[in-house]
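Note sheet for the following structure.
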Amino acid sequence: MSYDEWQSPMGARYASKDMLKLFSARTRASTWRQLWIWLAEAEQTLGLDISDEAISQMKAASTMSDEDFHVAAIEEKRRRHDVMAHVHAFGQRAPAAAGKIHLGATSCYVTDNADLIFLRDGLAMLEPKLARCIKKLSDFALEYKNLPCLGFTHGQPAQPITVGRRATQWIESLIMDLRNLERARSDLRFRGVKGTTGTQASFLELFHGDHTKVKQLDELVTKKAGFSKRSIVSVQTYNRKIDFDIANVLASFGTTCEHIGTDIRHLAMLKELEEPFEKDQIGSSAMAYKRNPMRCERMCSLARKLTSLTQGFGQTYAHQWFERSLDDSAIRRIDIPEMFLIADSLCILLDNVSSGLVVYPAVINARLQQELPFMATETIIMRMVEKGASRQETHEQIRVLSHEAGAVVKQEGKANDLVERIRKEKFFEPVWGELTENDLLNPAKFIGRSPEQVDEFVEEEVEPALASYKEHISSGPAAEINV
């Protein structure tokens, strides 16, 4: 690492080694070489004059060495064309193939097909990581499915829910994200062997007008690259709407991460739930007592960056001229790796947080008890009606007492005394004996079907979604994060 040159924090702090390797210069250039090998093999199979020795030498030099990069840099400085620089550098390593490398192809044969491989493999890397996060959060939901907590709508106290039931709301969104990743990867089509404007004219010339062989060439290379589908009508490039589609899929995942991170940050502020906090971790350089939710704050920050990238991909697609223009190049070199590295970083953070969420039941119950008397009023009204009271008269009595109790809480900072007020009001004598924690004031009576919904959700939604990822989601240590 150089301390005198700018380094992206994605590599130094956030992303995993496997994702960094996928978008490395060596992987990119070596993939170009592999694409040239596949093209030569397919052309030889279909009758073009390419020797076994040529292909053998190409295979022996398929991985870029440091010296190869040095040679390519010299060639690029001379020729001002990155792909042709690599063609000549490859030819020096495989002299028997030097005159056959890139035969019939255009630059986008290697650049775009390689990018499609990286898109496919990047999505394939993210899917099991996301599945692991879903599994950890579903375990958390099951563990806390019965723990009542105060619900909030409009940021104000509402009907109780449970800690586990709240987590299922996060999981539902993550399952949608997982399906989006799977769909995007399944939809990917290889650009294949198309030529300068996508018409395959150069290959039709190579095969002396034999359309069948040109089609077979396209199919052979597609199969060698591991794709089941190819684009039939690409132009010089693959359709840039593919980049936009995947950017939106990853951005959608980013919004989920920011939503989860924001919820956890709010709960940490209420002291009900916290992200993991290391024994020697320092929350603030000045305030020694601080336990800042830095993981979730980072998650929100990275997610915000990820969602912002979609605009560039949309504009790049919209502004492509006819069969291709090069104003797509620089932004894609930056943003395609970056969106995957950010999504990868979010998976790491979400895994780490999900592995060590800390719940504080006493605080949760104390806050619930502050609001529970208000939550119980509807049930009290129904019990009074059962015992012969007027519904409207009971409602008015409750309204008056509730406002009095609310004023004490807000204006005097005292505890909610609504229950005591009801116990002192003769009108409510028929239900006095039921105002206990085992009856009308039992939090479990107000959580509806929360526990049952958690069980049903895990069985009917989570388990099917994770069925193909079992080998990736076995229990293990939390993903490690850098400071």
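For the sequence shown, full-length UniProt numbering begins at 1 and goes up steadily by one.
All C-beta atoms in this analysis are idealised placements derived from N, C-alpha and C, irrespective of residue type, glycine included.
Remember, predicted model here, so these are calculated numbers, not experimental data.
Element boundaries [beta strand (DSSP E), containing residue i]
i, result
"Q169", "Unbroken run through Q169 is the alpha helix (DSSP H), 163 to 187; no beta strand (DSSP E)."
Beta-ladder partner(s) of residue i, from DSSP
i, result
"T153", "Q156"
"F190", "R230"
Limits of the alpha helix (DSSP H) - the one that residue i falls within
i, result
"P337", "329 to 355"
"P128", "107 to 143"
"V408", "391 to 412"
"G91", "82 to 93"
"M10", "Counting along the chain, M10 falls outside any alpha helix (DSSP H), and DSSP gives it neither H nor E."
"D68", "66 to 79"
"H211", "211 to 224"
"L206", "201 to 206"
"A54", "52 to 60"
"residue 498", "Because the chain in this structure spans residues 1 to 483, residue 498 falls outside the shown range and cannot be described."
"I422", "418 to 424"
"P464", "463 to 466"
Nonlocal neighbours in the same chain, by C-beta distance under 6 Å from residue i, ignoring five residues either side
i, result
"D335", "L309, G312"
"M64", "R26, A29, S30"
"A288", "The predicted model places A288 with a pLDDT of 46, which falls under 50 and marks its position as unreliable; any figure quoted below should be read in that light. If we look at A288 and ignore the five residues flanking it on each side, it has no Cβ neighbours."
"V358", "E274"
"S234", "R191, K194, G198"
"E338", "none"
"V363", "K271, E272"
"D82", "E76"
"A42", "L217, L220, V221"
"N248", "T310"
"I260", "W170"
Nearest-angstrom beta carbon gap, residue j and residue i [assumed within contact, 8 Å]
i, j, result
"R324", "T237", "5 Å"
"R391", "E434", "Contact doesn't hold; Cβ gap of about 17 Å is too wide."
"W32", "H86", "6 Å"
"G11", "L20", "6 Å"
"S130", "D177", "For the record, residue 130 in the displayed sequence is Leu; it is not Ser. Right, their Cβ atoms sit about 6 Å apart."
"I134", "I171", "6 Å"
"A167", "F253", "Their Cβ separation, rounded to whole angstroms, is 17 Å, which puts A167 and F253 out of contact at 8 Å."
Local conformation of residue i per DSSP, three classes
i, result
"W265", "Reading off the sequence, residue 265 comes out as Arg, not Trp. Of the three classes helix, strand and coil, the one that applies to R265 here is helix, per DSSP."
"L306", "helix"
"Y3", "coil"
"E323", "coil"
"L39", "helix"
"V358", "strand"
"L435", "coil"
"E275", "coil"
"P148", "strand"
"N442", "coil"
"T379", "helix"
"F23", "coil"
"T197", "coil"
"residue 558", "With the chain covering only 1 through 483, there is no way to say anything about residue 558."
"Q236", "coil"
"K387", "coil"
"N365", "helix"
"N482", "coil"
"H472", "helix"
"L372", "helix"
"K102", "According to the sequence shown, residue 102 is His rather than Lys. DSSP places H102 in coil when its eight states are reduced to three."
"G47", "coil"
"I260", "helix"
"A415", "coil"
"L270", "coil"
"I246", "helix"
"T255", "helix"
"T63", "coil"
Same chain, Cβ closer than 7 Å to residue i, five either side skipped, listed in chain order
i, result
"Q92", "V71"
"H472", "P128, A131, R132"
"A96", "S51, E53, A54, Q57"
"Q34", "S62"
"W432", "R423"
"residue 485", "Since the first residue shown for the chain is 1 and the last is 483, residue 485 is missing from the structure and cannot be characterised."
"S107", "V83"
"V214", "Q200, F203, L204, F207"
"R120", "R185, L188"
Own chain partners of residue i with C-beta closer than 8 Å, once the 5 adjacent residues on each side are dropped
i, result
"V162", "With the sequence shown as reference, residue 162 is identified as Thr, and Val is not the correct amino acid for it. Cβ neighbours of T162 beyond the five flanking positions: Y144, K145, N146, L147, P148, C149, I447, S450, P451, V454."
"R421", "L401, E404, A405"
"L441", "L372, P373, A376, V419, L435"
"A268", "E274, E275, R291, P293, C296"
"R79", "A85, H88"
"I175", "I134, E461, V462, A465"
"A94", "A54, Q57, M58, A60, A61, I101"
Interface flag, residue i vs chain B, CB-CB below 8 Å
i, result
"M339", "Protein chains in the displayed structure number just one, and chain B is not present."
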